[in-house]
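**Student:** Got a structure for you, questions after.
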Amino acid sequence: MKVLVIGSGAREHALCRSLSLDPAVDSLYCAPGNAGIAEIAELRQVDAMNAASVADLAAGLGVDLVVVGPEGPLVAGCADAVRARGIACFGPSGTAARLEGSKAFAKEVMAAAGVPTARSYVCTTPEEAAAALDAFGPPYVVKDDGLAAGKGVVVTDDLEAARAHAASCGQVVIEEFLDGPEVSLFAVTDGTAAIALQPAQDFKRVGDGDAGPNTGGMGAYSPLPWAPDGLVDAIMSMVVQPTIDEMRRRGTPFSGVLYAGLALTSRGLRVIEFNCRFGDPETQVVLARLQTPLASVLHASATGRIGDLEPLRWRDGAAVTIVVAAENYPATPRTGDPIEGLAEAAEVPDAFVLHAGTRRAEDGSILSSGGRVLSVTATGDTLAVARDRAYEAVGRIRLAGSHHRTDIAARALKGEITVG
Ligand code: AMP
Ligand code: GLY
Numbered sequence: 007m008k009v010l011v012i013g014s015g016a017r018e019h020a021l022c023r024s025l026s027l028d029p030a031v032d033s034l035y036c037a038p039g040n041a042g043i044a045e046i047a048e049l050r051q052v053d054a055m056n057a058a059s060v061a062d063l064a065a066g067l068g069v070d071l072v073v074v075g076p077e078g079p080l081v082a083g084c085a086d087a088v089r090a091r092g093i094a095c096f097g098p099s100g101t102a103a104r105l106e107g108s109k110a111f112a113k114e115v116m117a118a119a120g121v122p123t124a125r126s127y128v129c130t131t132p133e134e135a136a137a138a139l140d141a142f143g144p145p146y147v148v149k150d151d152g153l154a155a156g157k158g159v160v161v162t163d164d165l166e167a168a169r170a171h172a173a174s175c176g177q178v179v180i181e182e183f184l185d186g187p188e189v190s191l192f193a194v195t196d197g198t199a200a201i202a203l204q205p206a207q208d209f210k211r212v213g214d215g216d217a218g219p220n221t222g223g224m225g226a227y228s229p230l231p232w233a234p235d236g237l238v239d240a241i242m243s244m245v246v247q248p249t250i251d252e253m254r255r256r257g258t259p260f261s262g263v264l265y266a267g268l269a270l271t272s273r274g275l276r277v278i279e280f281n282c283r284f285g286d287p288e289t290q291v292v293l294a295r296l297q298t299p300l301a302s303v304l305h306a307s308a309t310g311r312i313g314d315l316e317p318l319r320w321r322d323g324a325a326v327t328i329v330v331a332a333e334n335y336p337a338t339p340r341t342g343d344p345i346e347g348l349a350e351a352a353e354v355p356d357a358f359v360l361h362a363g364t365r366r367a368e369d370g371s372i373l374s375s376g377g378r379v380l381s382v383t384a385t386g387d388t389l390a391v392a393r394d395r396a397y398e399a400v401g402r403i404r405l406a407g408s409h410h411r412t413d414i415a416a417r418a419l420k421g422e423i424t425v426g
């Protein structure tokens with residue numbers, strides 16, 4: 007099978023890594039890719055936001071499957087354009103991708119499907135926002151309605167900050183605060199049937215102890231040793247299947263991966279958000295343990311054959327990933343600095359480095375080129391071993407001004423996470 011992956015982050019590097027290890031994949035392309043992906047796939051230039059260009063590239067390469075990684079190209083209709091050329095594509099249509107592209111739309115679908123989520127108001131004026139903030143009280147949760155790379159959400163006790171964020175966004179969703187641990191679950195679907203991958207936990211805030219602003223995600227681990235029995239089945243039956251059924255009923259079936267971000271609150275599980283693509287950095291830890299060849303799973307989604315898949319097989323043990331971010335991320339990150347120690351990091355047993363914001367300079371050195379620069383992933387027989395390996399590898403990487411969280415998976419390891 008010839009496969010083209012669209013995107014350039016650590017998630018796409020993880021997808022390419024798993025696809026490159028799949029014996030069914032004989033040619034692997036990535037566009038636009040990054041310096042790390044270049045080592046395992048042939049890179050091509052493309053403007054991923056231009057659906058026609060992506061479809062032209064796929065047709066020109068004669069690929070059997072296109073895998074669209076990020077939400078932007080999906081919302082822009084990349085999957086529609088590829089499918090219109092008769093090429094199988096993993097990822098939802100632009101219409102179905104609105105489940106991520108508009109939080110108000112996602113709320114409407116959840117209400118119709120009876121999916122549990124935070125109570126919310128959609129507000130377009132400062133007066134409406136003020137009334138909604140009053141109705142819920144602190145902590146305040148204010149979400150930009152559109153795509154914002156994980157950074158459009160403000161959770162704060164400060165009423166003025168909540169009002170200011172609402173005023174800066176245009177249309178916002180204001181909702182009740184959800185307590186309890188968060189879970190990310192990826193369900194691969196063909197629009198009718200769905201199959202769950204193993205759950206992961208992401209760390210959204212930039213600093214240790216969940217301090218500072220939200221980011222795209224600073225680290226993750228999987229599986230979740232504290233997860234209640236039956237959690238995945240409950241999410242599939244209460245959240246994923248009803249949502250997929252509702253999207254199909256509307257004539258806009260959702261295929262690809264439905265990413266459910268959930269809070270396990272004292273009153274039961276609640277959806278925090280839907281995404282229309284694999285999560286980053288959760289994908290790094292989930293795919294690190296998936297033994298079933300990835301292309302078969304993605305191809306089954308793209309061709310309506312999820313129901314034919316055998317149960318997925320998983321490596322025992324755990325995986326941990328730590329994001330190395332550039333100085334000043336998530337604000338304007340510093341870029342263009344040399345990254346050293348990559349080979350030494352990869353020498354740690356069962357550790358590997360996935361590139362995000364990197365590029366190769368003319369002299370062959372690797373330079374930082376984005377906010378989240380790398381994602382260092384490791385597996386092990388236990389969460390403790392995987393975590394130690396991941397931090398050992400991170401410690402070998404040198405990038406001026408970079409930062410990473412030092413507490414990824416720490417509370418899970420100490421048994422400090424409880425579900426109400
Ligand atoms: P989102 O982009 O909707 O996933 O929000 C980003 C992060 O903000 C989530 O991962 C949560 O940590 C936090 N968050 C979002 N909505 C809520 C909520 N209703 N209650 C508490 N925290 C929230
Ligand atoms: N890890 C959060 C996201 O991918 O949106």
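So the mapping is simple: the working numbering equals the position in the sequence shown, first residue as 1, plus 6.
Note that beta-carbon positions come from the ideal geometry of N, C-alpha and C, so glycine has one too.
1) According to the Cβ coordinates, are D369 and R395 closer than 8 Å?
2) For a test of your reading of the model: does the CB of N334 fall under 7 Å from any non-hydrogen atom of ligand 2? Yes or no.
3) Give, in chain order, every unbroken run of the beta strand (DSSP E) that is at least 3 residues long and sits entirely within the region 60-133.
4) In the DSSP output, which residue or residues are listed as bridge partners for R365?
5) V121 and Q177 - do their beta-carbons sit closer together than 8 Å?
6) Select from V161, A202, R89, S307 the residue whose C-alpha is nearest the C-alpha of L184.
7) Report buried or exposed for D151, applying the criterion of at least 16 other Cβ atoms within 10 angstroms of its Cβ.
8) Evaluate L275 with the Cβ neighbour count: other Cβ atoms within 10 Å of its Cβ, from every protein chain shown; 16 or more gives buried, anything less gives exposed.
9) Nearest CA to the CA of G215: which residue from L264, R417, I12?
10) In chain order, what residues of the same chain lie with their CB nearer than 6 Å to the CB of A294, ignoring the 5 residues before and after it?
11) Candidates G78, D413, V11, A124: which alpha carbon is nearest G267's?
12) Given a threshold of 16 other Cβ atoms within 10 Å of its Cβ, counted over all protein chains shown, does A30 qualify as buried or as exposed?
13) Mapping the DSSP letters down to three states, classify G215 as helix, strand or coil.
14) For a minimum of 4 consecutive residues, which ranges assigned as the alpha helix (DSSP H) are wholly contained in the region 385-409?
15) On a CA-only basis, which of D164, P205, A337 is nearest P231? Give me that one, please.
16) Compute the minimum distance between the beta carbon of V147 and the heavy atoms of ligand 1, and state whether it is under 7 Å.
17) Go to T309, then tell me how far its beta strand (DSSP E) extends in each direction, as first and last residue.
18) Would you say the beta carbon of E188 is closer than 7 Å to some non-hydrogen atom of ligand 2?
19) Might you give, ordered along the chain, the residues of its own chain that have their beta carbon closer than 8 Å to the beta carbon of T341, omitting 5 neighbours on each side?
20) Just to check my reading of the structure: G213 and R411 have Cβ atoms closer than 8 Å, yes? What is that Cβ distance to the nearest angstrom?
21) Beta-carbon separation of A37 and A54 under 8 Å?
22) Could you check whether the Cβ of F183 sits closer than 7 Å to any heavy atom belonging to ligand 1?
23) Could you please give the first and the last residue of the uninterrupted beta strand (DSSP E) stretch that includes C22?
24) Below 8 Å, can you find three or more Cβ-Cβ pairs linking the region 128-141 to the region 298-313?
25) At a threshold of 7 Å, does E279 count as lining ligand 1 (C-beta to nearest heavy atom)?
26) From E279 to E188, what distance separates their C-alpha atoms?
27) Whole angstroms are fine: how far does the CA of T289 sit from the CA of Y227?
28) Can you tell which of R321, S59, I403 has its C-alpha closest to the C-alpha of V354?
**Tutor:** Taking the structure as given:
1) As a first step, residue 369 must be located in the sequence shown, where it is residue number 363. As a first step, residue 395 must be located in the sequence shown, where it is residue number 389. No, the Cβ-Cβ distance between D369 and R395 is not below 8 Å.
2) What you label residue 334 is simply residue 328 of the sequence shown in a count that begins at 1. Taking non-hydrogen atoms of ligand 2 into account, the C-beta of N334 is found less than 7 Å away from none of them.
3) For the region 60-133, whole beta strand (DSSP E) runs of length 3 or above, ordered along the chain, are 71-74, 94-96, 126-129.
4) Counting from one through the sequence shown, the residue named residue 365 turns up at place 359. In DSSP, R365 forms a bridge with L373.
5) Here residue 177 refers to the residue found at position 171 when the sequence shown is read from its first residue. Here residue 121 refers to the residue found at position 115 when the sequence shown is read from its first residue. The beta carbons of Q177 and V121 sit no closer together than 8 Å.
6) The residue labelled residue 184 in the question sits at position 178 within the sequence shown. It is V161 whose Cα lies nearest to the Cα of L184.
7) If you number the sequence shown from 1, residue 151 lands on position 145. Classification for D151: buried.
8) Counted from its first residue, the sequence shown places residue 275 at position 269. Taking a 10 Å sphere around the C-beta of L275, we find 16 or more other C-beta atoms and assign the residue as buried.
9) If you number the sequence shown from 1, residue 215 lands on position 209. Minimum Cα distance to G215 is reached at R417.
10) Position 288 of the sequence shown, counting from 1, holds the residue named residue 294. Around A294, the same chain offers A325, T383, T385 as residues with beta carbons nearer than 6 Å, after the five sequence neighbours per side are excluded.
11) Locating residue 267 in the sequence shown gives position 261, where the first residue counts as 1. Checking every option, the nearest Cα to that of G267 belongs to A124.
12) Counting from 1 along the sequence shown, the entry for residue 30 is found at position 24. Here A30 is exposed, its C-beta having fewer than 16 other C-beta atoms within 10 Å.
13) As a first step, residue 215 is located in the sequence shown; it is residue number 209 there, counting from the start. G215: helix per DSSP, three-state reduction.
14) Entirely contained in the region 385-409, the alpha helix (DSSP H) runs reaching 4 residues are, in chain order, 389-401.
15) Taking the first residue of the sequence shown as 1, we reach residue 231 at position 225. For the options D164, P205, A337, the alpha carbon positioned closest to that of P231 is the one of P205.
16) The residue labelled residue 147 in the question sits at position 141 within the sequence shown. V147 Cβ: within cutoff of ligand 1.
17) Along the sequence shown, one-based indexing puts residue 309 at 303. According to the DSSP assignment, T309 belongs to no beta strand (DSSP E), since it is labelled neither H nor E.
18) Here residue 188 refers to the residue found at position 182 of the sequence shown. Not one heavy atom of ligand 2 is found less than 7 Å from the C-beta of E188.
19) On the sequence shown, residue 341 is found 335 positions in, with the first residue counted as 1. The answer, listed in chain order, is A332, G363, L373, S374, S375, G376.
20) Numbered from its first residue, the sequence shown carries residue 213 at position 207. Numbered from its first residue, the sequence shown carries residue 411 at position 405. The C-beta separation of G213 from R411 comes to about 7 Å, placing the pair in contact by the 8 Å criterion.
21) For the purposes of this step, residue 37 is taken as residue 31 along the sequence shown, with counting starting at 1. For the purposes of this step, residue 54 is taken as residue 48 along the sequence shown, with counting starting at 1. Yes.
22) Residue numbering aside, residue 183 sits at position 177 when the sequence shown is read from its first letter. The answer is yes for F183.
23) Here residue 22 refers to the residue found at position 16 when the sequence shown is read from its first residue. The continuous stretches of beta strand (DSSP E) do not include C22, which lies in the alpha helix (DSSP H) extending over residues 16-26.
24) By the Cβ test, the region 128-141 is not in contact with the region 298-313, since fewer than three Cβ pairs between them sit closer than 8 Å.
25) To locate residue 279, count along the sequence shown from 1; it is residue 273. Answer for E279: yes, Cβ within range of ligand 1.
26) Walking along the sequence shown from the start, residue 279 turns up at place 273. Walking along the sequence shown from the start, residue 188 turns up at place 182. Spanning the two alpha carbons is a distance of roughly 11 Å.
27) Along the sequence shown, read from residue 1 onward, the residue named residue 227 stands at position 221. Along the sequence shown, read from residue 1 onward, the residue named residue 289 stands at position 283. Distance from the CA of Y227 to the CA of T289, rounded to the nearest whole angstrom, comes to 10 Å.
28) Locating residue 354 in the sequence shown gives position 348, counting from the first residue. Ranking the options by Cα distance to V354, first place goes to I403.
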